[in-house]
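Throughout the sequence shown, residue numbering follows mature numbering (1 follows the signal peptide of the UniProt record, and there is no 0), covering -23 to -1, 1 to 304 in sequence. By construction, the Cβ of each residue, glycine as well, lies at the ideal position given by its N, Cα and C atoms.
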Amino acid sequence: MAPVSNWVFLILIFPLLLNLGFSKTLKRDVKALNEIKASLGWRVVYAWVGDDPCGDGDLPPWSGVTCSTQGDYRVVTELEVYAVSIVGPFPTAVTNLLDLTRLDLHNNKLTGPIPSQIGRLKRLKILNLRWNKLQDVIPPEIGELKSLTHLYLSFNNFKGEIPKELANLPELRYLYLHENRFSGRIPAELGTLQHLRHLDVGNNHLVGTIRELIRFEGCFPALRNLYLNNNYLTGGVPAQLANLSNIEILHLSYNKMSGIIPAGLAHIPRLTHLYLDHNQFSGRIPDAFYKHPYLKEMYIEGNAFRPGVNPIGVHKVLEVSDADFLV
């Protein structure tokens, strides 16, 4: 009978053993998210039930919070709380979530600066703060986010210069800085980013020339989309721009650029969209552009081109679509 008794004992104790094996959430992360919950009147708090953001077995994880198990504990790896009209300053307690790989607070009403403590989030891959009311300068500590691949800061009120420390992000692929109040020159150091595919600094107060931007040999090797539109850029289009052989979209509209368009630009093999409109360009458009196998659209209006120069493609009003910024 002894063996039977042992089996009965194991059957009775097994659920308790499972419960003991249930991973606890790291106290650091529990404290950080409860600070956020207490300090900000977020509309999501109605779904933030209980004290444990990762859930406690009886309660589910908080809405927008993703956790994973590391060793004996659970940690918060993603925080996505967007389009819920969060009002107030950037929640500094977020920077205590040291295992975050994704932070998405876009389309809210956050104000004030990005805190310098943002540099603590060494594992962060995606930072999305677009469509807020954030302001002040971008802290140089953002250059400490060595794992970052996507940075969305567009549609805010950031000012000052674009920090050259962004060039310290070796994995960066997508950089969206448009619709802010940045001034000064675009850091040429960004050209050293080996994986950067998309650079959008449109609709700011930037000055300088394209020649200054691409002055480093072998710069922007992976760049596909370059948006420099609606700034105060001067000078001409340098022939060296054709060395950016992966460019597909080149957007130079609404600047103060002048001179002729170099024929070499028409030999960028993947070029599909070229926006030159509303500058001070002159001369003729080289015939090679009209024979380009992939060029779908070329905007030229609002310049001083010679008569007979024609655009390419059916022109529509350019509109910014929210779908353009989805990860």
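- Contact between the stretch 237 to 248 and the stretch 183 to 193 is absent: fewer than 3 CB-CB pairs across the two stretches fall below 8 angstroms.
- If you look at aspartate 81, you'll find it isn't in any alpha helix (DSSP H); it sits in the beta strand (DSSP E) that goes 79 to 81.
- A Cβ-Cβ separation of about 5 angstroms places threonine 72 in contact with arginine 97 under the 8 angstroms criterion.
- The beta-carbon separation of leucine 173 and alanine 199, rounded to 6 angstroms, stays under the 8 angstroms limit for a contact.
- Classified as exposed, histidine 182 has fewer than 16 neighbouring CB atoms from the shown chains inside 10 Å of its CB.
- The shortest CA-to-CA distance from serine 235 to any of Lys102, Leu210, Val42 and Arg247 is the one to Leu210.
- The Cβ atoms of tyrosine 276 and leucine 253 lie closer than 8 angstroms to each other.
- Shown here, histidine 250 sits in a strand according to DSSP, grouped into three states.
- For cysteine 44, DSSP records a beta bridge to Val53.
- Counting the other Cβ atoms within 10 Å of the Cβ of proline 215 gives 16 or more, which makes it buried.
- Take the alpha-carbon of glycine 89 and the one of leucine 56: they are about 20 angstroms apart.
- With a cutoff of 8 angstroms on beta-carbon distance, valine 53 and leucine 77 are scored as near each other.
- Annotated as proximal: serine 40 and alanine 24, with beta-carbon spacing under 8 angstroms.
- DSSP places lysine 8 inside the alpha helix (DSSP H), whose first and last residues are 4 to 16.
- Put simply, the backbone Cα of glycine 290 is about 15 angstroms away from that of isoleucine 262.
- Asparagine 109 and isoleucine 237 have their C-alpha atoms spaced approximately 39 angstroms apart.
- Note: threonine 88 is bridge-paired with Pro66 and Lys110 in the DSSP secondary-structure output.
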